[in-house]
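*Asks:* Pasting a structure below so you can have a look.
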Amino acid sequence: MPKSEKTPVEKLSYEQAFAELEEIIRTLESEPPALEETLALYERGQALAQRCTALLDGAELKVRQLSGEELAAGEEGK
Amino acid sequence: MDQLPLFQPPSLSVTEITRYLRQLLESDEILQDVWVQGEVSNLARPASGHLYFTLKDSTAALKCVMWRPQAQRLRIPLQNGALIEAHGAISLYEQGGQYQLYADTLRLAGEGALYQEFLRLKARLEAEGLFDELRKRPIPESPQRIGIVTSATGAALQDILNTLRRRYPLVEVLVAACAVQGAEAPAEIVRAILALNRMPEPPQTLIIARGGGSLEDLWAFNDEAVVRAIANSEAPVITGVGHETDFTLADFAADLRAPTPTAAAELATPDINETRLTLAGAAGLLKSLVDDTLQQVQDNNRRAQQDLLRASPLWRIQNGHQRMDALAERSHLAVVHALDIRRLRFTGVMHRLEALNPQAVLQRGYALVTLPDGRLIRSVEGIQVGDRVRVSLADGSLETKVEKINKETARLKAAAETGRKKDAKK
Chain W
99 MPKSEKTPVE KLSYEQAFAE LEEIIRTLES EPPALEETLA LYERGQALAQ RCTALLDGAE
159 LKVRQLSGEE LAAGEEGK
Chain F
679 MDQLPLFQPP SLSVTEITRY LRQLLESDEI LQDVWVQGEV SNLARPASGH LYFTLKDSTA
739 ALKCVMWRPQ AQRLRIPLQN GALIEAHGAI SLYEQGGQYQ LYADTLRLAG EGALYQEFLR
799 LKARLEAEGL FDELRKRPIP ESPQRIGIVT SATGAALQDI LNTLRRRYPL VEVLVAACAV
859 QGAEAPAEIV RAILALNRMP EPPQTLIIAR GGGSLEDLWA FNDEAVVRAI ANSEAPVITG
919 VGHETDFTLA DFAADLRAPT PTAAAELATP DINETRLTLA GAAGLLKSLV DDTLQQVQDN
979 NRRAQQDLLR ASPLWRIQNG HQRMDALAER SHLAVVHALD IRRLRFTGVM HRLEALNPQA
1039 VLQRGYALVT LPDGRLIRSV EGIQVGDRVR VSLADGSLET KVEKINKETA RLKAAAETGR
1099 KKDAKK
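Protein chains in written order, with the numbering used here: chain W, 99 to 176; chain F, 679 to 1104.
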């Protein structure tokens, strides 16, 4: 993924951040890019790992009940 | 006159006949595995925990007993007047002389019919392939969103939320409330499943749950429409309905069946501690990979620099310089070396000269004896008593007269001779 398309880590969910971290590791393992790119990936990877840790530390279960309208959507075109 | 028969038929003891009857009852296959329907009366629950009651209908009665282990697992409200079906074996209580039903399972009358219906529907849906293992999808390991289909007020929802909070608070929970028992329950459950799947951001996993209850309470989860909605759900479904021993058709259609709502929440999520470990592992791996790359790059760099230097004219010039420097150094050393050798040699000669200097000998305590004309006296031969001689010492000389002459004695000569021989032997 070109650098310009990368989402700032603060906007990533845990799963997104961790998935990208895994992707970076895969890339480094299988086809290590040039040095500059490797360092950029490393920096990104570290930011992702920090994001994940922060999310784990601050996680609070979000619970939402479906509204009547949202529930009614389950009736159409059954 | 009646004559007693010669051989009276042998009589059996009460015990013997009772045992015989008991064996008769217990060897009958039908009596050992039977369902009996009737109304409960004379219900007694003594402290022992066993249950005693009579099943009766309009014309007959059957004594029943249920032992404590089974009685404890009883899930229907048992009271006098209830119409129930009891399963068990008929045998004989020898001390009381009465046959009775030793019940192991009780159900409300009518459940038998429900059960038949359950089996028929199960067979039909099974034949359709709705319960095939191949249809079952894997449950996402770390879902972002979990949908819960259950009653908004039930304990099951709280159990699930508590478990999620403890295990994986990262997850977002969407609760689609529905009735989980009663006539309206099946339609509401179906609607909840569909509504969750149709959300703009649908959950990756659905949990369909209900706490424990009687077979009738759980009946909505055997409803064909509910079973089909589960099988057709886009998101994989985990069911957690009733207790561990309850199996509903919803369980068969689900991608994963959990024994309880709490267990369903556990199966739907990773443990956050494991998540932390996985994350730490990934971060460590990332670092070591980059370290490796950096190390490699550095090695390559160093090698390339060396190659480059060796190939460059600068290096050759420097190399030339170095060689010249080395040569200069070597020639310098050679000169120094030669000088050193000479210096050493010179010092050696000096030492030897020193040794020859008579003055040095005098310094060590020897004396030089000369005649007045300056000739050195080497022997007593030719010297007369009264001759004047000069004894030169290191710091001056003495003018003396010879007073007595001692020739070297034979004894001293011999001693000198022996010393020389000893030296030769060594």
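For every residue, glycine included, the Cβ atom is placed at its ideal position computed from N, Cα and C.
1. Identify, in the order they occur along the chain, each residue of the same chain with its Cβ nearer than 6 angstroms to the Cβ of residue 1072 of chain F, setting aside the five sequence neighbours on each side.
2. Would residue 869 of chain F be called buried (16 or more neighbouring beta carbons within 10 Å of its own) or exposed?
3. How about residue 815 of chain F and residue 914 of chain F: do their beta carbons lie closer than 8 angstroms?
4. Rounding to the nearest angstrom, what Cα-Cα distance links residue 101 of chain W and residue 909 of chain F in this structure?
5. Flag this pair as touching only if the region 822–830 of chain F and the region 855–864 of chain F have three or more C-beta atom pairs under 8 angstroms; answer yes or no.
6. Could you check where the alpha helix (DSSP H) with residue 789 of chain F kicks off and where it finishes?
7. In terms of residues, what are the limits of the alpha helix (DSSP H) holding residue 965 of chain F?
8. List the DSSP bridge partners of residue 1070 of chain F.
9. Under 8 angstroms between beta-carbons, which chain W residues line up against residue 1013 of chain F? List them in chain order, please.
10. Less than 8 angstroms between the C-beta atoms of residue 731 of chain F and residue 931 of chain F, yes or no?
11. If you reduce the DSSP assignment to three classes, tell me which class residue 904 of chain F lands in.
12. Give me the subset of the region 943–977 of chain F whose CB atoms are less than 9 angstroms from a CB atom of chain W, sorted by chain position.
13. Against residue 111 of chain W, what residues of chain F qualify as contacts under a CB-to-CB distance less than 7 angstroms, listed in chain order?
14. Between the alpha carbons of residue 165 of chain W and residue 901 of chain F, how many angstroms are there, rounded?
15. For residue 692 of chain F, does the three-state DSSP call read helix, strand or coil?
16. What residue range does the beta strand (DSSP E) around residue 764 of chain F cover?
17. If I'm right that residue 781 of chain F touches residue 711 of chain F with Cβ under 8 angstroms, what's the distance once you round it to whole angstroms?
18. Do residue 896 of chain F and residue 926 of chain F have their C-beta atoms within less than 8 angstroms of each other?
19. Just reading off the beta strand (DSSP E) that residue 785 of chain F is part of, what are its end residues?
20. Tell me the rounded alpha-carbon separation between residue 699 of chain F and residue 727 of chain F.
21. Can you give me the C-alpha to C-alpha distance between residue 890 of chain F and residue 156 of chain W, rounded to a whole angstrom?
22. Looking only at C-alpha atoms, which of F:743, F:761, F:835 and F:702 sits nearest to residue 161 of chain W?
23. Taking three-plus beta-carbon pairs below 8 angstroms as touching, is the region 790–799 of chain F in contact with the region 817–825 of chain F?
24. Buried or exposed: where does residue 875 of chain F fall if 16 or more other Cβ atoms within 10 Å of its Cβ makes it buried?
25. Please confirm if residue 157 of chain W has its CB atom under 8 angstroms from at least one CB of chain F.
26. Which partner residues of residue 1038 of chain F appear in the DSSP bridge assignment?
27. How should residue 785 of chain F be labelled, buried or exposed, when 16 other C-beta atoms within 10 angstroms of its C-beta is the threshold for buried?
28. Hey, which unbroken runs of the alpha helix (DSSP H) at 4 residues or more fall wholly within the region 813–868 of chain F?
29. Using a cut-off of 9 angstroms between C-beta atoms, extract the partners of residue 839 of chain F located in chain W.
30. Which same chain residues end up closer than 8 angstroms to residue 985 of chain F when comparing Cβ atoms and leaving out the 5 residues on each side of it in sequence?
31. On the three-state DSSP scale, how would you describe residue 1062 of chain F?
32. Can you tell me the Cβ-Cβ gap for residue 839 of chain F and residue 849 of chain F, rounded? I've got them flagged as a contact below 8 angstroms.
33. Which bits of chain F does residue 127 of chain W rub up against, with CB to CB less than 7 angstroms?
34. When the cut-off is 8 angstroms and only beta carbons count, does residue 855 of chain F lie next to chain W?
35. Can you name, in chain order, every residue of its own chain whose Cβ lies under 6 angstroms from the Cβ of residue 739 of chain F, other than the five neighbours on each side?
36. Rounded to a whole number of angstroms, what is the C-alpha to C-alpha distance between residue 956 of chain F and residue 820 of chain F?
*Replies:* Well, looking at it:
1. On the second sequence, residue 1072 of chain F is found 394 positions in, with the first residue counted as 1. Answer for residue 1072 of chain F: 1040 and 1041, listed in chain order.
2. One-based indexing of the second sequence puts residue 869 of chain F at position 191. It counts as buried.
3. Position 137 of the second sequence, counted from the first residue, corresponds to residue 815 of chain F. Position 236 of the second sequence, counted from the first residue, corresponds to residue 914 of chain F. Yes, the pair counts as a contact, with Cβ atoms nearer than the cut-off.
4. Here residue 101 of chain W refers to the residue found at position 3 when the first sequence is read from its first residue. Here residue 909 of chain F refers to the residue found at position 231 when the second sequence is read from its first residue. Confidence is the limiting factor: at residue 101 of chain W the pLDDT is only 46, short of 50, which leaves the residue's position unreliable and the question unanswerable from this model.
5. yes
6. Your numbering for residue 789 of chain F matches position 111 in the second sequence. Taken as a continuous stretch (DSSP letters only), the alpha helix (DSSP H) holding residue 789 of chain F covers 789–806.
7. As a first step, residue 965 of chain F must be located in the second sequence, where it is residue number 287. Where residue 965 of chain F is concerned, the enclosing alpha helix (DSSP H) stretches over 950–989.
8. Here the question's residue 1070 of chain F lines up with position 392 in the second sequence. DSSP, once it has assigned bridges, lists F:1046 and F:1075 as partnering residue 1070 of chain F.
9. Here residue 1013 of chain F is taken as the residue at index 335 of the second sequence, counted from 1. Within 8 angstroms Cβ-Cβ: nothing; residue 1013 of chain F doesn't reach chain W, min ~52 angstroms.
10. Mapped onto the second sequence, residue 731 of chain F falls at position 53. Mapped onto the second sequence, residue 931 of chain F falls at position 253. In this structure, residue 931 of chain F does not lie closer than 8 angstroms to residue 731 of chain F by Cβ.
11. Position 226 of the second sequence, counting from 1, holds the residue named residue 904 of chain F. Helix at residue 904 of chain F.
12. 950, 953, 954, 956, 957, 958, 960, 961, 963, 964, 965, 967, 968, 970, 971, 972, 974 and 975
13. On the first sequence, position 13 is the one that residue 111 of chain W refers to. In chain order: 822.
14. Residue mapping note: residue 165 of chain W aligns to position 67 of the first sequence, counting from 1. Residue mapping note: residue 901 of chain F aligns to position 223 of the second sequence, counting from 1. Cα to Cα, residue 165 of chain W sits roughly 25 angstroms from residue 901 of chain F.
15. Translated into the one-based positions of the second sequence, residue 692 of chain F becomes position 14. Residue 692 of chain F falls in the helix class under three-state DSSP.
16. Here residue 764 of chain F refers to the residue found at position 86 of the second sequence. Start and end: 761–771.
17. As a position in the second sequence, residue 781 of chain F is number 103, starting the count at 1. As a position in the second sequence, residue 711 of chain F is number 33, starting the count at 1. Contact flag wrong, Cβ pair sits at about 12 angstroms.
18. By one-based count along the second sequence, residue 896 of chain F stands at place 218. By one-based count along the second sequence, residue 926 of chain F stands at place 248. Cβ atoms of residue 896 of chain F and residue 926 of chain F: closer than 8 angstroms.
19. Walking along the second sequence from the start, residue 785 of chain F turns up at place 107. Residue 785 of chain F -> beta strand (DSSP E) spans 776–786.
20. Here residue 699 of chain F refers to the residue found at position 21 when the second sequence is read from its first residue. Here residue 727 of chain F refers to the residue found at position 49 when the second sequence is read from its first residue. Answer to the nearest angstrom: the Cα atoms are 28 angstroms apart.
21. Taking the second sequence and counting its residues from 1, one reaches residue 890 of chain F at position 212. Taking the first sequence and counting its residues from 1, one reaches residue 156 of chain W at position 58. So the two alpha carbons sit approximately 34 angstroms from each other.
22. Here residue 161 of chain W corresponds to residue number 63 of the first sequence, with the count starting at 1. If we check each option's Cα against that of residue 161 of chain W, F:835 comes out closest.
23. no
24. Counting from one through the second sequence, the residue named residue 875 of chain F turns up at place 197. Buried, by the Cβ-count rule.
25. Locating residue 157 of chain W in the first sequence gives position 59, where the first residue counts as 1. So yes, residue 157 of chain W belongs to the interface.
26. Position 360 of the second sequence holds residue 1038 of chain F. Its beta-bridge partners do not exist; DSSP assigns none.
27. For the purposes of this step, residue 785 of chain F is identified with residue 107 of the second sequence, where counting begins at 1. Looking at its Cβ environment, which holds 16 or more other Cβ atoms inside 10 Å, residue 785 of chain F is buried.
28. 833–845
29. Indexing the second sequence from 1 puts residue 839 of chain F at position 161. The answer, in chain order, is 159 and 161.
30. In the second sequence, the residue the question calls residue 985 of chain F occupies position 307. Answer for residue 985 of chain F: no residue qualifies.
31. The residue labelled residue 1062 of chain F in the question sits at position 384 within the second sequence. Correct three-state label for residue 1062 of chain F: coil.
32. Here residue 839 of chain F refers to the residue found at position 161 when the second sequence is read from its first residue. Here residue 849 of chain F refers to the residue found at position 171 when the second sequence is read from its first residue. The pair is not a contact, with the Cβ atoms about 10 angstroms apart (cut-off 8 angstroms).
33. By one-based count along the first sequence, residue 127 of chain W stands at place 29. Residues of chain F passing the Cβ test: 967.
34. Reading the second sequence from its first residue, position 177 is the one you call residue 855 of chain F. Yes, its Cβ sits closer than 8 angstroms to a Cβ of chain W.
35. Locating residue 739 of chain F in the second sequence gives position 61, counting from the first residue. Contacts found: 732.
36. The residue given as residue 956 of chain F occupies position 278 in the second sequence. The residue given as residue 820 of chain F occupies position 142 in the second sequence. Distance between the alpha carbons of residue 956 of chain F and residue 820 of chain F: 12 angstroms.
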